[in-house]
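Worksheet: one structure, shown below.
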Amino acid sequence: MIKSLGRKQSDGYDDGGGGGDGALSLDNNEEEDSIKIIRGIRLYDYDSYKPNFDGNFRCLDGSKEVSFKRVNDDFCDCLSDGSDEPSTNACAKGRFYCKYQKRHITGRGVDVYVPSSRINDGICDCCDGSDEWLTITCKNKCT
Ligand SMILES: [Ca+2]
Ligand SMILES: [Ca+2]
């Protein structure tokens, strides 16, 4: 009676951990196939940041569909919501969701995000400092 879904689930879910000793592993080239956790997205949108049936990414507002390679290529494709560039500041309307989100635990609460223009601008904006990873290291001040 039980149908077996011939599909492996190998989602490397982020533990969302508050431990944060700056142990954010960035270039984790384990397997080409494995989906990397994309910086700056809501866990809620996690499933949207995978190639769809056609290998494409659909802007979160549904306005456009582009090749998945265009996600975070530093060029804004989803002009209306900036959703293809969650980890870059290419989109004027983009939002970077801080890694620390209260809703990770409770499922409620407000979104904690900063405008894309604040990504790697040398100023710690997210209380966990997740918006800065290239030039400076921020302390976790979320507690
Ligand atoms: Ca893009
Ligand atoms: Ca910043």
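Mapping the sequence shown onto my numbering, position 69 (from 1) lands on 69, and the numbers just tick up by one. We treat Cβ as the ideally placed atom computed from N, Cα and C, and that holds for glycine. Keep in mind it's a predicted model, so treat the numbers as computed, not measured.
Reference residue i; option with closest CA among the options
{"i": "D54", "options": "V114, E65, L60", "result": "E65"}
{"i": "I119", "options": "A90, K50, D45", "result": "A90"}
{"i": "C124", "options": "G109, C98, T143", "result": "C98"}
{"i": "G62", "options": "N72, D81, P51", "result": "D81"}
{"i": "A92", "options": "C78, K102, Y100", "result": "C78"}
{"i": "Q101", "options": "D47, C142, F57", "result": "C142"}
{"i": "D121", "options": "R95, E132, R42, C127", "result": "E132"}
{"i": "I37", "options": "P86, D74, L60, V114", "result": "P86"}
{"i": "L194", "options": "V71, T88, V114, N140", "result": "Because the chain in this structure spans residues 1 to 143, residue 194 falls outside the shown range and cannot be described."}
Residues sharing a beta bridge with residue i, DSSP
{"i": "S146", "result": "Beyond the ends of the chain as shown, which are 1 and 143, falls residue 146; an answer cannot be given."}
{"i": "P115", "result": "R95"}
Residue environment, residue i, which counts as buried when at least 16 other CB atoms sit within 10 Å
{"i": "D111", "result": "exposed"}
{"i": "K69", "result": "exposed"}
{"i": "I136", "result": "exposed"}
{"i": "G40", "result": "buried"}
{"i": "S116", "result": "buried"}
{"i": "Y44", "result": "exposed"}
{"i": "C76", "result": "buried"}
{"i": "R42", "result": "buried"}
{"i": "D74", "result": "exposed"}
{"i": "D47", "result": "exposed"}
{"i": "R95", "result": "buried"}
**Q.** Any residue whose CB is nearer than 5 Å to a heavy atom belonging to ligand 1, listed in chain order
**A.** Taking each Cβ in turn, the ones that pass are R70, D73, F75, D77, D84.
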